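> Residue numbers -18 to 524, in our numbering, belong to the letters of the sequence shown in order.
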Amino acid sequence: MIAGQPIFILKEGTKRESGKDAMKENIEAAIAISNSVRSSLGPRGMDKMLVDSLGDIVITNDGVTILKEMDVEHPAAKMMVEVSKTQDSFVGDGTTTAVIIAGGLLQQAQGLINQNVHPTVISEGYRMASEEAKRVIDETSTKIGKDEKALLLKMAQTSLNSKSASVAKDKLAEISYEAVKSVAELRDGKYYVDFDNIQVVKKQGGAIDDTQLINGIIVDKEKVHPGMPDVVKDAKIALLDAPLEIKKPEFDTNLRIEDPSMIQKFLAQEENMLREMVDKIKSVGANVVITQKGIDDMAQHYLSRAGIYAVRRVKKSDMDKLAKATGASIVSTIDEISSSDLGTAERVEQVKVGEDYMTFVTGCKNPKAVSILVRGETEHVVDEMERSITDSLHVVASALEDGAYAAGGGATAAEIAFRLRSYAQKIGGRQQLAIEKFADAIEEIPRALAENAGLDPIDILLKLRAEHAKGNKTYGINVFTGEIEDMVKNGVIEPIRVGKQAIESATEAAIMILRIDDVIATKSSGSSSNPPKSGSNSESSED
-18 MIAGQPIFIL
-8 KEGTKRESGK
2 DAMKENIEAA
12 IAISNSVRSS
22 LGPRGMDKML
32 VDSLGDIVIT
42 NDGVTILKEM
52 DVEHPAAKMM
62 VEVSKTQDSF
72 VGDGTTTAVI
82 IAGGLLQQAQ
92 GLINQNVHPT
102 VISEGYRMAS
112 EEAKRVIDET
122 STKIGKDEKA
132 LLLKMAQTSL
142 NSKSASVAKD
152 KLAEISYEAV
162 KSVAELRDGK
172 YYVDFDNIQV
182 VKKQGGAIDD
192 TQLINGIIVD
202 KEKVHPGMPD
212 VVKDAKIALL
222 DAPLEIKKPE
232 FDTNLRIEDP
242 SMIQKFLAQE
252 ENMLREMVDK
262 IKSVGANVVI
272 TQKGIDDMAQ
282 HYLSRAGIYA
292 VRRVKKSDMD
302 KLAKATGASI
312 VSTIDEISSS
322 DLGTAERVEQ
332 VKVGEDYMTF
342 VTGCKNPKAV
352 SILVRGETEH
362 VVDEMERSIT
372 DSLHVVASAL
382 EDGAYAAGGG
392 ATAAEIAFRL
402 RSYAQKIGGR
412 QQLAIEKFAD
422 AIEEIPRALA
432 ENAGLDPIDI
442 LLKLRAEHAK
452 GNKTYGINVF
462 TGEIEDMVKN
472 GVIEPIRVGK
482 QAIESATEAA
492 IMILRIDDVI
502 ATKSSGSSSN
512 PPKSGSNSES
522 SED
């Protein structure tokens, strides 16, 4: 104000909230997102049905899928969605856990802010608690090797237990383990898993039990000519990045033929060129040809007469996988192909899957790329199966890469909370309050597990604290019996990366939201709508 005259520095229609009001709105929006996925945690968690504007339906209990499909508007709520995306990107599992912890941290912080504890002090305490929590996970973890199949299978089963795919968890866990083991590479004493080498193919129809691991690659294409064999045993495979066609000029060309006999010579020359291409392929011993480019009708005829199985217009990503699975080299010029460029497989065949024909390249020796064919009765089942298998693959890979696992069932969270309360006493000061609140927020995981299983969360937490006070570090909740039991003995285990990344992502998001004390929302041009409030438009329809 100058001489009673207001000075406007923001555009008309801009909404501004500052101080505790801004913090409160951001925290409430973030908590609303956390609560929307809370009921989907654990083996007794519920599914969500998400319906988009076109009426397409997604049914899932996968945290990141739920939040991706929700039409979230509030900026603080979007930050919570990013927590789940980060968790999914780095770990592939534990997305719901990360969001619940972030919501718990903000809910606990709200109480401290109401007691006039400065957000910077809370943030500092949360960072200290986060580092201590990750140390606790490392200290309570157990080493694991590539050949410890039973433990790796249990980890995959733990991941699948909370999915609708749990009805076939034993088979799917075995598939996940074998797939990861096949493509894992040992570098400098550590394992690395590239998920580009694991192809997941969905096909509606059949039962969940029909899902299978292929020691090779599935190409979603059929053979190009009906006269070609349906099955080729002891396959010698040529992978081409070149067309089996006469190359067309890159510029407009007119061909003037004055003598009618020249037409026949011209066509004969084309045939000869195509025949030479096929003869060259045949001469190196190939009986299967897979190319990224096209195959001329006449070339198809010659290939068919030579008994060669051919597939055209295959995706570049599938070609790369085929090269890793069969040991073939992708050749760009047919003239330069040699027998050393060929890959091998026990069998290449055309198989009808559902309504479509596909090419199965199977029986590869020591394949560095494999395929998983996912089956299910309906489209929604197949989609959820794919998400479940992807999660279990990531869990096995994370355990293999980190070489360690921790107890699940809320056991690790309870141990972290127990240790943090002792740690807080040593720190003292106002940070002690924040660290104690961090411990309460971590306990949201066993609390949510108990709630979703229909158990009394207060009784469960008291029993859990009592066991951990006795030194039983791996004791967690058996959601099926309601008892506090040793999770490692029960086979409920998870990679340490799941818990560490969930804590790290949740802490960073919570601190970022807490440090915001001013929200300036500019009115969009041509719109009369109010700035977004907490929560999201679709929140009421996703339960």
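The beta-carbon is built from N, C-alpha and C at its ideal position, and this holds for glycine as well.
Fair warning: this is a prediction, and the values are worked out from it, not measured in the lab.
#1: May I have the straight-line CA-CA distance separating residue 1 from residue 500, to the nearest angstrom?
#2: What would DSSP say about residue 1, mapped onto helix, strand or coil?
#3: Could you tell me the alpha carbon to alpha carbon distance between residue 442 and residue 427, rounded to whole angstroms?
#4: Alpha carbon to alpha carbon, how far is residue 69 from residue 75? Give it in angstroms, no decimals.
#5: Compute the Euclidean distance between the alpha carbons of residue 307 and residue 20, then round it to the nearest angstrom.
#6: Quick one: grab the DSSP three-state call for residue 352.
#7: Please classify residue 196 as buried or exposed, where buried requires at least 16 neighbouring CB atoms within 10 angstroms.
#8: Tell me the rounded alpha-carbon separation between residue 273 and residue 347.
#9: So, with DSSP's three-state summary, where would you put residue 328?
#10: Would residue 109 be called buried (16 or more neighbouring beta carbons within 10 Å of its own) or exposed?
#11: Which residue from 318, 338 and 27 puts its Cα closest to that of residue 219?
#12: Quick test of the definition: if touching needs 3 or more C-beta pairs under 8 Å, does the region 197 to 207 touch the region 142 to 159?
#13: Between the beta-carbon of residue 82 and the beta-carbon of residue 382, is there less than 8 Å?
#14: Where does residue 144 fall in DSSP's three states?
#15: Contact between the region 391 to 401 and the region 453 to 471 is defined here as three or more beta-carbon pairs at a separation below 8 Å; is this criterion met?
#16: Residue 356: which of 192, 103 and 44 sits nearest, CA to CA?
#17: Looking at C-beta atoms only, is the number of pairs between the region 50 to 68 and the region 456 to 475 that lie closer than 8 Å three or more?
#18: Express the C-alpha separation of residue 129 and residue 86 in angstroms, rounding to a whole number.
#19: Just to check my reading of the structure: residue 309 and residue 323 have Cβ atoms closer than 8 Å, yes? What is that Cβ distance to the nearest angstrom?
#20: Residues in the same chain with beta-carbon distance under 6 Å from residue 328, minus the five sequence neighbours each way, listed in chain order, please.
#21: So who's on the other strand from residue 479, going by DSSP bridges?
Short version:
#1: Answer to the nearest angstrom: the Cα atoms are 11 Å apart.
#2: helix
#3: 7 Å
#4: 8 Å
#5: 45 Å
#6: strand
#7: buried
#8: 24 Å
#9: Three-state DSSP puts residue 328 in a strand.
#10: Buried: at least 16 other Cβ atoms inside 10 Å.
#11: 318
#12: Not touching, per the Cβ criterion.
#13: no
#14: In the structure shown, the three-state DSSP call for residue 144 is coil.
#15: Contact holds between the region 391 to 401 and the region 453 to 471, because three or more Cβ pairs, one in each stretch, are under 8 Å apart.
#16: 192
#17: no
#18: 36 Å
#19: 6 Å
#20: 214, 343 and 344
#21: DSSP output for residue 479 lists no bridge partner at all.
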